[in-house]
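Undergrad: Let me give you the structure first, and then I'll get to my questions.
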Amino acid sequence: MDSIGARVAAAMNERGLTQKQLAQAVGITTDGMSRALNGKRGFAAVELAAISRTLDADLDYLITGEPTTDSRLPVAARHRFDHETRTRSVERIADDEQILDGIRLAYVQAGEIASSPALPTTVAEVREQLGKDFPRTFVAGLEALGVDVISLPELSTAYAMTLNGRQVIATNASGNWFYENWSLAHELGHLTLKHEYVRPDSPDAGQREAAAHAFAAELLMPASEMRGSAWETMNPTEVADYLWRNGVSTKSLRVRLETLGITPSPEVTAALEFTTQKVLRRYWSGGGAYNGDAISDRMEEASQRRFPAWLRSAHLKRIEAGMLHKETLAWMLGVAADELEIDEPAPPSLSDDELMDLLG
């Protein structure tokens with residue numbers, strides 16, 4: 192079987208499914224499935240990921256014709272911590288894995304790409320390279336370090352991974368900018384500490400999550416800075432400015448103060464019982480000469496779907512060269528494939544060896 196469509200069709204037949212049933216199960220039109228199986232349309236990355244799960248078929252085999260022993264993507268997931276039970280979990284990881292496989296395939300389909308440079312090895316070195324006031328431009332700072340940032344509303348939490356030599360952080364685009372900042376810092380900790388596999392079933396997940404959490408706390412709220420501030424005389428306006436400048440939540444700041452044994456003023460203690468948005472709306476000094484709503488702007492930025500510009504560009508070039516269909520690029524952009532006005536010449540037939548080359 193020398194095509195992806197042929198391998199999908201064989202796996203579909205082995206499971207006793209019709210084209211219509213498979214199309215419905217993975218959210219593709221029946222006509223779209225038929226054309227993809229016959230090589231008249233490409234499968235999007237996320238579609239292949241969904242098909243592999245629906246058919247319980249090895250994803251790498253569907254792409255290359257070569258089976259793998261374990262096709263699960265090694266990721267470090269941001270866990271939810273329950274303070275009452277002292278347990279960590281990633282409740283929707285099974286759903287997220289389909290999206291993560293789609294991301295992986297987007298990198299595979301991009302062809303030959305440059306690997307990320309080595310990251311700094313300490314929090315202090317990371318802070319120095321990110322520069323002053325980095326929380327406001329965190330994504331740009333990470334990209335300057337060679338870390339790709341992907342934001343998708345369909346993800347439930349954040350993940351760190353290495354794809355084709357690229358270091359990648361994928362976050363959920365929820366509009367909660369201070370949660371996003373913490374997720375970026377947390378997952379950067381996993382990458383810096385070389386945590387390649389942190390899932391609920393990992394025996395050392397708790398220790399690695401705690402280490403990434405400590406990394407994020409020190410990155411966003413350095414102990415020296417915290418201890419050097421006059422928290423015992425600080426007022427709510429100054430607290431709001433700190434939250435805005437450092438891109439953290441009231442809860443994160445409250446926990447950090449407790450962890451470092453710092454007792455703030457009663458006014459600060461009372462303010463930190465409010466939500467972050469409430470403190471900022473009530474006490475933040477504002478955006479200076481900026482006349483818009485900077486708080487809402489940050490929320491809007493944190494809700495945007497995004498993939499690295501270089502990845503989108505790589506897909507566009509390969510589509511125009513007839514090496515790819517445009518379904519994966521459309522998925523990255525969050526639009527329907529037929530809405531993309533891209534010249535799409537008929538792709539050449541690729542052998543299994545050539546597909547293996549695409550996987551690196």
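Sequential numbering of the sequence shown, starting at 192, is according to the numbering used here. Note that CB positions come from ideal geometry on N, CA and C, so glycine has one too. The model shown is predicted, which means the values in this text are computed figures rather than measured ones.
Which value, in whole angstroms, describes the spacing of the CA atoms of T441 and V459?
TA: The count along the sequence shown starts at 1 and reaches residue 441 at position 250. The count along the sequence shown starts at 1 and reaches residue 459 at position 268. If you take the alpha carbons of T441 and V459, they lie about 10 Å apart.
Undergrad: Does the structure place the region 355 to 372 close enough to the region 385 to 399 that three or more beta carbon pairs sit under 8 Å?
TA: no
Undergrad: Assuming the contact rule is C-beta atoms closer than 8 Å, A227 and G196 should be a hit. Round their C-beta distance to whole Å, please.
TA: Counting from one through the sequence shown, the residue named residue 227 turns up at place 36. Counting from one through the sequence shown, the residue named residue 196 turns up at place 5. Right, the Cβ-Cβ distance comes to about 6 Å (below 8 Å), so this counts as a contact.
Undergrad: Given T260, which residues of its chain have a CB within under 8 Å of its CB, disregarding the five upstream and five downstream residues?
TA: The residue given as residue 260 occupies position 69 in the sequence shown. At T260, the pLDDT of 49 sits below 50, so the modelled position is not reliable and the matter cannot be decided from this model.
Undergrad: With the cut-off set at 8 Å, would you say G322 and G332 are in Cβ contact?
TA: If you number the sequence shown from 1, residue 322 lands on position 131. If you number the sequence shown from 1, residue 332 lands on position 141. Closer than 8 Å, so yes.
Undergrad: Can you say whether I290 is buried or exposed, counting buried as having 16 or more other CB atoms within 10 angstroms of its CB?
TA: For the purposes of this step, residue 290 is taken as residue 99 along the sequence shown, with counting starting at 1. Classification for I290: buried.
Undergrad: Do I360 and E378 have their CB atoms nearer than 8 Å?
TA: Working through the sequence shown from its first residue, we reach residue 360 at position 169. Working through the sequence shown from its first residue, we reach residue 378 at position 187. Yes. Within cutoff.
Undergrad: Return yes when the Cβ of L354 is within less than 8 Å of the Cβ of Y298, no when it is not.
TA: The sequence position of residue 298 within the sequence shown is 107, counting from 1. The sequence position of residue 354 within the sequence shown is 163, counting from 1. Closer than 8 Å, so yes.
Undergrad: Taking one C-beta from the region 418 to 436 and one from the region 454 to 468 each time, how about it: are there three or more such pairs within less than 8 Å?
TA: yes
Undergrad: Only counting the same chain, and skipping five residues up and downstream in sequence, which positions put a Cβ closer than 8 Å to that of A301?
TA: Here residue 301 refers to the residue found at position 110 when the sequence shown is read from its first residue. N355, L502, A505, H506 and R509.
Undergrad: Count the other CB atoms within 10 Å of the CB of S374; is the residue buried (16 or more) or exposed (fewer)?
TA: Here residue 374 is taken as the residue at index 183 of the sequence shown, counted from 1. With 16 or more other Cβ atoms within 10 Å, it is buried.
Undergrad: Let's see if you can read the secondary structure: which residues bound the alpha helix (DSSP H) around N437?
TA: The residue you call residue 437 lines up with position 246 of the sequence shown. P427 to N437 is the span of the alpha helix (DSSP H), which, as asked, contains N437.
Undergrad: Give the straight-line distance between the Cα atoms of P326 and D249, rounded to the nearest whole angstrom.
TA: To locate residue 326, count along the sequence shown from 1; it is residue 135. To locate residue 249, count along the sequence shown from 1; it is residue 58. When rounded, the distance between both Cα atoms is 40 Å.
Undergrad: Any chance the region 278 to 297 sits against the region 403 to 411, with 3 or more Cβ pairs inside 8 Å?
TA: no
Undergrad: Which word fits V430, buried or exposed, when buried means at least 16 other C-beta atoms lie within 10 angstroms of its C-beta?
TA: Position 239 of the sequence shown, counted from the first residue, corresponds to residue 430. It is buried - the Cβ of V430 has at least 16 other Cβ atoms within 10 Å.
Undergrad: Could you compute how far the alpha carbon of A403 sits from the alpha carbon of H270?
TA: What you label residue 403 is simply residue 212 of the sequence shown in a count that begins at 1. What you label residue 270 is simply residue 79 of the sequence shown in a count that begins at 1. So the two alpha carbons sit approximately 11 Å from each other.
Undergrad: Is S415 near the ligand SAM - that is, is its Cβ less than 7 Å away from at least one heavy atom of it?
TA: As presented, the structure is devoid of all ligands, the ligand SAM included, so that no description of it is given.
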